[in-house]
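Report on one structure; see the data block that follows.
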Amino acid sequence: MSATPQDDAHEALVARFRDNRLSKEAPRSSAEVSAAFDQIAYPLLQRSGVSCRLIELYSASKRCVSTRVDGSDYIVFDHALLNCFERFDALDDPKLPPSLVAAGLHLAIAEASRNAQRVDFYSFYLRRALEVEPLLRRLPGKPDAAFRRYWLAAFVLCHEAAHALPENSETKLNLAQSALLASSSLLDEQIAALSGSLDALLSDSATPPSPRNAPGVEMEQWLAAADDLGLGEDAIYDVLEEVATDSRFLDEIACDSFAVSGLELALESMRKTASEEAVARVAVNALSAAYLGFLHYRLVGYFEDIVSGVDDYLAAEKVNPLKLRLLVEMSLRGNLVVQRMIELARSFGGNGTANALRDAFASLQHEHTSRLFVPGDQLIATTVLDDRFREKLRSMLAEDKINLESLDLDPLDVCAESDLLWQQLND
Amino acid sequence: MVDEAKIQISVSVPKEDVEDTANELQAAGGDPLIAPDAGFDGAHAIDILTILTPTVAATVAAMYAKRQAAKRYVSVKFKGVEVKGVSEGTLLKIIDRMKPPAAP
Numbered sequence: 094m095s096a097t098p099q100d101d102a103h104e105a106l107v108a109r110f111r112d113n114r115l116s117k118e119a120p121r122s123s124a125e126v127s128a129a130f131d132q133i134a135y136p137l138l139q140r141s142g143v144s145c146r147l148i149e150l151y152s153a154s155k156r157c158v159s160t161r162v163d164g165s166d167y168i169v170f171d172h173a174l175l176n177c178f179e180r181f182d183a184l185d186d187p188k189l190p191p192s193l194v195a196a197g198l199h200l201a202i203a204e205a206s207r208n209a210q211r212v213d214f215y216s217f218y219l220r221r222a223l224e225v226e227p228l229l230r231r232l233p234g235k236p237d238a239a240f241r242r243y244w245l246a247a248f249v250l251c252h253e254a255a256h257a258l259p260e261n262s263e264t265k266l267n268l269a270q271s272a273l274l275a276s277s278s279l280l281d282e283q284i285a286a287l288s289g290s291l292d293a294l295l296s297d298s299a300t301p302p303s304p305r306n307a308p309g310v311e312m313e314q315w316l317a318a319a320d321d322l323g324l325g326e327d328a329i330y331d332v333l334e335e336v337a338t339d340s341r342f343l344d345e346i347a348c349d350s351f352a353v354s355g356l357e358l359a360l361e362s363m364r365k366t367a368s369e370e371a372v373a374r375v376a377v378n379a380l381s382a383a384y385l386g387f388l389h390y391r392l393v394g395y396f397e398d399i400v401s402g403v404d405d406y407l408a409a410e411k412v413n414p415l416k417l418r419l420l421v422e423m424s425l426r427g428n429l430v431v432q433r434m435i436e437l438a439r440s441f442g443g444n445g446t447a448n449a450l451r452d453a454f455a456s457l458q459h460e461h462t463s464r465l466f467v468p469g470d471q472l473i474a475t476t477v478l479d480d481r482f483r484e485k486l487r488s489m490l491a492e493d494k495i496n497l498e499s500l501d502l503d504p505l506d507v508c509a510e511s512d513l514l515w516q517q518l519n520d
Numbered sequence: 603m604v605d606e607a608k609i610q611i612s613v614s615v616p617k618e619d620v621e622d623t624a625n626e627l628q629a630a631g632g633d634p635l636i637a638p639d640a641g642f643d644g645a646h647a648i649d650i651l652t653i654l655t656p657t658v659a660a661t662v663a664a665m666y667a668k669r670q671a672a673k674r675y676v677s678v679k680f681k682g683v684e685v686k687g688v689s690e691g692t693l694l695k696i697i698d699r700m701k702p703p704a705a706p
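Sequence order for the protein chains is A and B.
If you count the first sequence from 1, position 427 lands on 520 in our numbering, and the numbers rise without skipping.
If you count the second sequence from 1, position 15 lands on 617 in our numbering, and the numbers rise without skipping.
Listed below in structure tokens is the structure:
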């Protein structure tokens with residue numbers, strides 16, 4: 094295909110985005126991402142009169158964003174995000190020893206360290222990730238990996254598409270209104286929990302997450318953590334209120350809701366060619382794939398929260414869960430999106446499908462926590478938060494003649510060296 | 603790929619200051635590109651990508667000092683890594699380091 098002036102401009106734009114991140118020359122192409130963009134995100138945006146193009150990257154920041162340049166809208170999709178999540182999927186296997194699971198999380202912590210500007214942790218974790226990579230490459234992927242990739246990419250692309258909607262468009266205004274209501278309702282539930290009805294919310298802890306008790310389960314965890322740390326209910330409420338009324342957070346909820354609508358549109362179109370049962374089955378699996386993305390992102394957010402705030406935690410001699418902003422936000426967003434998804438499942442297959450999805454979510458949440466979050470948390474406790482580890486890390490860096498504090502530009506040197514390893518790891 | 607002679611940095615400022623900052627970088631010949639870093643994860647920062655030249659280095663250093671003094675958020679990154687102690691000299695050092703080695 095001959096390059097048009099527009100293609101040249103597009104390529105130049107892609108090059109600038111790549112140059113700004115630690116990015117490989119060529120993004121890993123994925124048929125599922127292109128298909129999800131063409132079949133779901135693009136038509137969804139066009140219904141609102143917006144046209145956008147896709148920019149594909151593969152970078153350590155793993156961030157998908159939407160942006161507007163010279164009056165044109167773009168969705169920047171970072172394939173490293175899906176790659177990271179597929180690695181998590183492969184590690185989510187009860188047969189794997191916890192030590193291997195922990196080793197498999199090293200790259201994610203390295204990338205979180207880079208994003209949080211902790212080049213010391215970045216350097217360490219990246220070297221460890223490189224050491225275990227040959228082992229991890231032998232792990233079998235999930236048999237339905239392509240299916241998961243397609244639906245998760247569709248969810249992320251539609252979420253970003255929502256950011257591209259004009260602020261004063263009817264769709265965006267409606268989404269904002271719904272987000273405000275949903276957030277307010279979530280806050281009410283939390284207040285109810287704090288004001289004494291917690292027992293009622295948690296009366297059956299074996300019950301899978303539901304629109305009613307999912308926030309309650311989160312609250313149970315929060316209150317348990319708060320008790321341990323001596324945090325008061327007021328402090329918890331303040332954080333919840335701050336998050337739930339933050340305009341940026343509300344915008345994210347609105348975009349999540351739009352993303353669910355995108356999946357709904359795609360599932361709806363399947364009804365023309367597939368049976369009701371088949372569509373309901375796909376709906377449960379597709380929505381589970383999207384929800385699993387939230388759980389994975391919560392883990393990535395936890396790593397970033399910890400490494401970026403480690404100095405404060407060490408000074409305070411405790412990790413205050415209320416300061417883990419990304420973790421808190423992703424958890425609350427996950428709870429809200431669960432409600433939308435269960436309603437969607439009900440519309441496709443009635444209560445039976447809604448219950449099947451609820452069961453699937455409960456199982457995913459439980460397994461994700463025990464198989465990935467707990468090993469990740471233990472790894473953080475024995476490294477980033479451990480005095481002896483940090484002392485050892487300092488001497489290791491000194492042996493490499495890298496002194497992070499002697500020159501202003503040294504972090505760039507450490508990164509330059511580590512970035513070469515990152516490129517090697519991702520070849 | 604971006605022309606290797608064109609070194610790029612990003613300047614992050616709050617949303618309300620993006621336009622003014624981009625205009626200032628444009629005036630310095632930095633060809634600014636606004637690249638929000640808020641995405642699916644809800645992270646919050648607005649990056650302005652700019653080509654780093656000696657003129658832009660002086661502009662960014664002055665802007666950085668002014669914002670620091672006014673206690674307004676600003677962060678300068680090179681390939682995603684924060685540059686500590688931003689000054690014209692520091693930024694010129696980046697240009698110097700990124701120069702291709704001279705032919706023998």
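Positions of the beta carbon are idealized from the N, C-alpha and C atoms, including for glycine.
Mind listing the chain A neighbours of residue 614 of chain B? Cutoff is C-beta to C-beta under 9 Å, in chain order. The residue labelled residue 614 of chain B in the question sits at position 12 within the second sequence. The contacting residues do not exist; residue 614 of chain B stays about 11 Å from chain A at best.
Q. At a CB-CB cut-off below 8 Å, which residues of chain A make contact with residue 702 of chain B?
A. As a first step, residue 702 of chain B must be located in the second sequence, where it is residue number 100. Under the 8 Å cutoff, chain A gives no residues; its nearest Cβ is about 15 Å from residue 702 of chain B.
Task: residue 157 of chain A - containing alpha helix (DSSP H), residue span - done: As a first step, residue 157 of chain A must be located in the first sequence, where it is residue number 64. Element bounds for residue 157 of chain A: n/a, residue is neither H nor E.
Review point. Which one of A:218, A:363, A:261 has the shortest CA to CA distance from residue 200 of chain A?
Key: As a working note, residue 200 of chain A is residue 107 in the first sequence. Answer by Cα proximity: A:218.
TODO: Report the three-state DSSP secondary structure of residue 679 of chain B (helix, strand or coil).
DONE: Along the second sequence, one-based indexing puts residue 679 of chain B at 77. Note: residue 679 of chain B maps to strand in three-state DSSP.
#### Entry: Cβ distance (whole Å) where residue 179 of chain A is taken to contact residue 238 of chain A below 8 Å
Translated into positions along the first sequence, residue 179 of chain A becomes position 86. Translated into positions along the first sequence, residue 238 of chain A becomes position 145. 6 Å between Cβ atoms; contact.
* Asked: Roughly how many angstroms lie between the CA atoms of residue 241 of chain A and residue 382 of chain A, to the nearest whole one?
  -> Residue 241 of chain A sits at position 148 when you count from the first residue of the first sequence. Residue 382 of chain A sits at position 289 when you count from the first residue of the first sequence. Taking the straight line joining both Cα atoms gives about 5 Å.
Quiz item: Just to confirm, are residue 254 of chain A and residue 168 of chain A a CB contact at a threshold of 8 Å?
Solution: Indexing the first sequence from 1 puts residue 254 of chain A at position 161. Indexing the first sequence from 1 puts residue 168 of chain A at position 75. Closer than 8 Å, so yes.
Going by alpha carbons, who is nearest to residue 414 of chain A out of A:428, A:431, A:396, A:426? Translated into the one-based positions of the first sequence, residue 414 of chain A becomes position 321. Ranking A:428, A:431, A:396, A:426 by Cα distance to residue 414 of chain A puts A:396 first.
Residue 631 of chain B, buried or exposed, once every other Cβ within 10 Å from all chains shown has been counted against 16: For this step, residue 631 of chain B is matched to residue 29 along the second sequence. Classification for residue 631 of chain B: exposed.
Margin query: Going by the DSSP bridge assignment, what does residue 637 of chain B pair with across the sheet?
Written below: Position 35 of the second sequence, counted from the start, is the residue given in the question as residue 637 of chain B. Partner(s): B:649.
Query raised in the report: Do residue 150 of chain A and residue 111 of chain A have their C-beta atoms closer together than 8 Å?
Result: If you number the first sequence from 1, residue 150 of chain A lands on position 57. If you number the first sequence from 1, residue 111 of chain A lands on position 18. Cβ distance < 8 Å, so residue 150 of chain A and residue 111 of chain A count as in contact.
**Item:** Beta-carbon proximity of residue 194 of chain A to residue 391 of chain A, cut-off 8 Å
**Value:** Looking up residue 194 of chain A in the first sequence gives position 101. Looking up residue 391 of chain A in the first sequence gives position 298. No, these two residues do not count as a Cβ contact at 8 Å.
Notebook entry, point to check: Where residue 411 of chain A and residue 429 of chain A are concerned, what is the direct C-alpha to C-alpha distance, given to the nearest angstrom?
Noted result: Mapped onto the first sequence, residue 411 of chain A falls at position 318. Mapped onto the first sequence, residue 429 of chain A falls at position 336. Cα-Cα distance, rounded: 29 Å.
Determine whether the Cβ of residue 178 of chain A lies closer than 8 Å to any Cβ atom of chain B. What you label residue 178 of chain A is simply residue 85 of the first sequence in a count that begins at 1. No, no contact with chain B.
_Span separating the alpha-carbon of residue 651 of chain B from that of residue 259 of chain A_ = Residue mapping note: residue 651 of chain B aligns to position 49 of the second sequence, counting from 1. Residue mapping note: residue 259 of chain A aligns to position 166 of the first sequence, counting from 1. When rounded, the distance between both Cα atoms is 23 Å.
Original post:
Is there contact here, the stretch 618-631 of chain B with the stretch 680-692 of chain B, by at least three beta-carbon pairs under 8 Å?
Top reply: no
- Message: So for residue 374 of chain A, helix, strand or coil by DSSP?
- Response: As a working note, residue 374 of chain A is residue 281 in the first sequence. Looking at residue 374 of chain A - three-state DSSP - the assignment turns out to be helix.
**Asked** If we ignore side chains and look at the alpha-carbon of each, how far apart do residue 664 of chain B and residue 402 of chain A end up?
**Response** In the second sequence, the residue the question calls residue 664 of chain B occupies position 62. In the first sequence, the residue the question calls residue 402 of chain A occupies position 309. C-alpha separation (whole angstroms): 29 Å.
So, helix, strand or coil for residue 171 of chain A, using DSSP?
On the first sequence, position 78 is the one that residue 171 of chain A refers to. Strand at residue 171 of chain A.
Requested in this report: Quick one: grab the DSSP three-state call for residue 687 of chain B.
Outcome: If you number the second sequence from 1, residue 687 of chain B lands on position 85. Residue 687 of chain B: coil per DSSP, three-state reduction.
| Do we get a CB-CB distance below 8 Å when we pair residue 241 of chain A with the residues of chain B? | Locating residue 241 of chain A in the first sequence gives position 148, where the first residue counts as 1. So, not an interface residue.
*asked:* Just to confirm my understanding: we take residue 637 of chain B, look at its own chain, exclude 5 residues before and 5 after, and list those with CB closer than 6 Å. What are they?
replied: Reading the second sequence from its first residue, position 35 is the one you call residue 637 of chain B. So the qualifying residues of the chain are 649, 651.
Residue 159 of chain A and residue 171 of chain A closer than 8 Å at C-beta: As a position in the first sequence, residue 159 of chain A is number 66, starting the count at 1. As a position in the first sequence, residue 171 of chain A is number 78, starting the count at 1. It is not a contact, given that the beta carbons lie outside the stated cut-off.
request  = Using a Cβ cut-off of 8 Å (strictly closer), state whether residue 517 of chain A contacts chain B.
outcome  = As a first step, residue 517 of chain A must be located in the first sequence, where it is residue number 424. Residue 517 of chain A does not count as touching chain B.
- Would you kindly report the start and end of the unbroken alpha helix (DSSP H) that includes residue 457 of chain A? Mapped onto the first sequence, residue 457 of chain A falls at position 364. Note, residue 457 of chain A: alpha helix (DSSP H), 418-461.
Give the residues of chain A in contact with residue 636 of chain B, contact being defined as C-beta atoms less than 9 Å apart. If you number the second sequence from 1, residue 636 of chain B lands on position 34. Residues of chain A passing the Cβ test: 160, 161, 162.
Status (buried if at least 16 other CB within 10 Å, exposed otherwise) for residue 274 of chain A: Position 181 of the first sequence holds residue 274 of chain A. Exposed is the call here.
Given that a residue counts as buried once 16 or more other Cβ atoms are within 10 Å of its Cβ, and exposed if not, what is residue 426 of chain A?
Position 333 of the first sequence, counted from the first residue, corresponds to residue 426 of chain A. When all chains shown are included, residue 426 of chain A counts as buried.
For residue 417 of chain A and residue 405 of chain A, the rounded distance between their alpha carbons:
In the first sequence, residue 405 of chain A corresponds to position 312, counting from 1. In the first sequence, residue 417 of chain A corresponds to position 324, counting from 1. Roughly 12 Å separates the two Cα atoms.
Q) Is DSSP giving residue 615 of chain B helix, strand or coil here? A) Here residue 615 of chain B is taken as the residue at index 13 of the second sequence, counted from 1. The answer is strand: DSSP assigns residue 615 of chain B an E or B state.
> Hey, does residue 508 of chain A have any beta-carbon neighbour from chain B nearer than 8 Å?
Replying inline: Locating residue 508 of chain A in the first sequence gives position 415, counting from the first residue. Yes, residue 508 of chain A counts as interfacial toward chain B.
(Q) The beta strand (DSSP E) that contains residue 150 of chain A, what's its start and end? (A) Stepping through the first sequence from its first residue, residue 150 of chain A is reached at position 57. 145-150 is the extent of the beta strand (DSSP E) around residue 150 of chain A.
### Task
Starting from residue 229 of chain A, follow its DSSP beta bridges and name the residues at the other end.
Position 136 of the first sequence holds residue 229 of chain A. DSSP lists no partner for residue 229 of chain A.
Consider the Cβ of residue 211 of chain A: report whether some Cβ of chain B lies at a distance smaller than 8 Å.
Mapped onto the first sequence, residue 211 of chain A falls at position 118. No, because no Cβ of chain B sits closer than 8 Å to the Cβ of residue 211 of chain A.
#### Entry: Simplified DSSP state of residue 165 of chain A, which is helix, strand or coil
Here residue 165 of chain A corresponds to residue number 72 of the first sequence, with the count starting at 1. Strand.
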